[in-house]
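Sequence positions in the sequence shown follow my numbering and run 34 to 453. Backbone N, C-alpha and C fix where the C-beta goes; we use that ideal spot for every residue, glycine too.
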Amino acid sequence: MSAHDYLGEGFSYRQDVLFCEDVELARVAASAGTPCYVYSRHGILSRYRAYDEAFGGTPHQVCYAVKANSNLSILKLLAGAGSSFDIVSGGELFRVLKAGGDPAKIVFSGVGKTAAEIEEALAAGIGCFNCESETELALIDACASRLGKRARCALRVNPDIDAKTHPYISTGLKDNKFGIGIGEVEDVYRRALNLRHVTMAGVSCHIGSQMLDPAPIGEAADRILALTARLRSLGAPIEHLDFGGGLGIPYRESDRTPPIAATIGDLCRRAAPFGLELHVEPGRSITGSAGVLLTRVLNRKKTEAKEFVVIDAAMNDLLRPALYKAHHEIAPLRRLPAMGYVEADVVGPVCESADYIAKNRRLANVMPGDLLAVCSAGAYGFVMSSNYNSRPRAAEVLVEGDHFRTIRARETYEDLIRGE
Ligand code: LLP
34 MSAHDYLGEG FSYRQDVLFC EDVELARVAA SAGTPCYVYS RHGILSRYRA YDEAFGGTPH
94 QVCYAVKANS NLSILKLLAG AGSSFDIVSG GELFRVLKAG GDPAKIVFSG VGKTAAEIEE
154 ALAAGIGCFN CESETELALI DACASRLGKR ARCALRVNPD IDAKTHPYIS TGLKDNKFGI
214 GIGEVEDVYR RALNLRHVTM AGVSCHIGSQ MLDPAPIGEA ADRILALTAR LRSLGAPIEH
274 LDFGGGLGIP YRESDRTPPI AATIGDLCRR AAPFGLELHV EPGRSITGSA GVLLTRVLNR
334 KKTEAKEFVV IDAAMNDLLR PALYKAHHEI APLRRLPAMG YVEADVVGPV CESADYIAKN
394 RRLANVMPGD LLAVCSAGAY GFVMSSNYNS RPRAAEVLVE GDHFRTIRAR ETYEDLIRGE
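As structure tokens, then:
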């Protein structure tokens with residue numbers, strides 16, 4: 034990526050006007066309305082390909098983590114490029130199958146799979162279950178027995194490593210709910226070999242998300258590889274290792290992120306002596322930088338203490354600032370030097386003080402009616418949105434070259450009451 038990484042992959046200013054690929058974003062706002070998520074097709078595909086190519090000759094699967102952005106058109110795009118998928122629910126399975134994803138290239142992660150979800154996955158013929166506990170293995174074995182099938186399984190290991198990220202998105206520490214403690218895995222793996230409807234195929238781990246420091250990734254890999262050596266010495270079959278997702282993206286101009294090629298190259302080198310197929314489960318680093326949330330300024334408001342820019346996007350549209358105090362850059366669609374700057378809180382219309390997109394932010398001195406792009410919102414944006422305050426969920430638009438199309442219609446009031 035370039036000097037303006039934080040604008041995202043596929044987004045750039047041309048003569049002070051913000052574009053996504055060859056489409057002026059103001060055109061999208063005029064046609065689809067705001068708030069609206071806009072994604073760059075090129076941005077998503079180039080990140081996927083960066084992963085795929087980084088493996089070189091190593092047998093591998095890039096399992097896109099569907100939870101990051103599960104829009105059908107985006108899943109179709111990735112399926113067409115050859116992607117595998119990491120799912121965490123029956124709903125995500127349904128989406129991947131609808132999008133034409135190859136069931137054999139689906140891995141099912143998650144700490145609370147229900148019997149119904151497991152049976153749906155078995156019936157579809159998914160590639161692998163990443164099992165989070167011995168009791169879950171027993172459940173999968175029972176489900177497979179009921180359906181007269183065998184389930185391919187990997188054990189998700191908790192390597193007890195600090196991913197050095199936000200505590201809510203750290204998953205590899207021993208007091209996190211995820212995975213089987215690295216000290217217990219050998220025993221569980223050995224016992225699993227006796228299950229009649231389970232084929233043990235590998236080991237998986239995922240230590241956290243938005244990692245900016247590559248060191249914990251390497252450390253986790255070394256622990257998993259040492260474990261693999263111990264398992265092999267017990268005669269346990271292992272076909273693949275799954276290193277999870279977690280690579281960070283630049284949310285701020287100053288963020289330096291681990292490059293995909295170098296990080297994957299390093300994993301391949303460490304694992305080379307084992308001759309295994311390698312899997313990764315990236316989500317954010319594929320779709321995150323390739324999307325923005327378009328929003329319009331509704332109002333400017335000044336109190337004794339503060340200046341507020343009130344916009345038409347809110348915490349129900351983009352929850353990350355309220356939930357994690359996450360930082361997203363905010364770029365004006367027209368960057369006029371005469372505008373000047375304002376220091377303000379950028380807030381939505383929802384009735385909560387946590388409803389903000391930015392706090393104490395220096396941004397272009399925008400006026401009511403002006404358009405803004407909230408950057409790096411392509412992952413964990415729309416998927417975490419809700420109807421809170423009875424706000425219909427935003428539209429989603431995909432840009433390809435000089436074309437764009439709506440890939441999810443803005444919800445209507447009727448959508449709000451469906452099912453009530
Ligand atoms: N694999 C597993 C088992 C995971 O739990 C996750 C993310 C991923 C892969 C994908 O991780 P990524 O490459 O996207 O970092 N809502 C939070 C992020 C939660 C991530 C949960 N697990 C956020 O907005 O920052």
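Which class does residue i belong to by DSSP, given the choice of helix, strand or coil?
i	result
asparagine 349	coil
cysteine 408	coil
valine 140	strand
proline 232	The amino acid at residue 232 is misidentified as proline; the sequence shows threonine. Strand.
proline 200	helix
serine 35	Low confidence applies here, because serine 35 scores a pLDDT of 46, under 50, leaving its location unreliable; read the following figure in that light. Serine 35 falls in the coil class under three-state DSSP.
glutamate 54	coil
histidine 273	strand
asparagine 163	strand
cysteine 69	strand
aspartate 49	coil
phenylalanine 118	strand
threonine 328	strand
alanine 112	helix
tyrosine 446	helix
glutamate 310	strand
cysteine 186	strand
histidine 239	coil
arginine 451	coil
arginine 333	strand
tyrosine 97	strand
phenylalanine 127	helix
Taking the alpha-carbon of residue i as reference, which of the options has the nearest alpha-carbon?
i	options	result
leucine 226	Arg265, Asp193, Glu453 and Met244	Arg265
histidine 273	Thr91, Ala62 and Arg443	Thr91
alanine 397	Pro370, Val383, Asn420 and Ser409	Pro370
lysine 392	Glu340, Val399 and Tyr446	Glu340
lysine 131	Leu180, Ile107 and Gly145	Ile107
arginine 395	Val342, Tyr413 and Ser409	Val342
valine 231	Tyr374, Ile257 and Pro270	Pro270
arginine 224	Thr204, Leu188 and Ile257	Leu188
isoleucine 297	Thr445, Gly89 and Cys384	Gly89
Find out if the Cβ-Cβ distance for the pair residue i, residue j is shorter than 8 Å.
i	j	result
asparagine 349	arginine 263	no
tyrosine 97	proline 315	yes
cysteine 161	arginine 183	no
cysteine 69	valine 61	yes
glycine 145	cysteine 408	no
proline 365	isoleucine 390	no
glycine 43	cysteine 53	yes
glycine 115	aspartate 85	yes
glycine 268	aspartate 299	no
leucine 280	alanine 406	no
glycine 241	alanine 196	yes
leucine 245	threonine 290	yes
histidine 93	histidine 239	no
leucine 78	leucine 110	yes
isoleucine 344	valine 325	no
alanine 210	valine 416	Alanine is not the amino acid found at residue 210; the sequence shown has lysine there. No. Outside cutoff.
asparagine 163	serine 237	yes
alanine 427	proline 382	no
Buried or exposed: which applies to residue i, given that a residue is buried once 16 or more other Cβ atoms fall within 10 Å of its Cβ?
i	result
threonine 320	buried
lysine 138	buried
threonine 336	exposed
asparagine 191	buried
arginine 438	exposed
glycine 414	buried
methionine 400	exposed
arginine 74	buried
aspartate 208	exposed
isoleucine 159	buried
threonine 168	exposed
asparagine 102	buried
lysine 334	exposed
histidine 361	buried
proline 249	buried
threonine 445	exposed
isoleucine 151	buried
alanine 304	buried
Strictly by DSSP, which residues pair up with residue i?
i	result
phenylalanine 437	Val432
proline 397	Residue identity differs from the one stated: residue 397 is alanine in this sequence, not proline. Alanine 397 is bridged to Tyr374.
arginine 422	For clarity, residue 422 is asparagine in the given sequence; the question names arginine instead. Answer by DSSP bridge pairing: none, since asparagine 422 is not bridged.
isoleucine 363	Val407
isoleucine 213	Val190
isoleucine 344	Val330
methionine 417	Answer is none; methionine 417 lacks a bridge partner.
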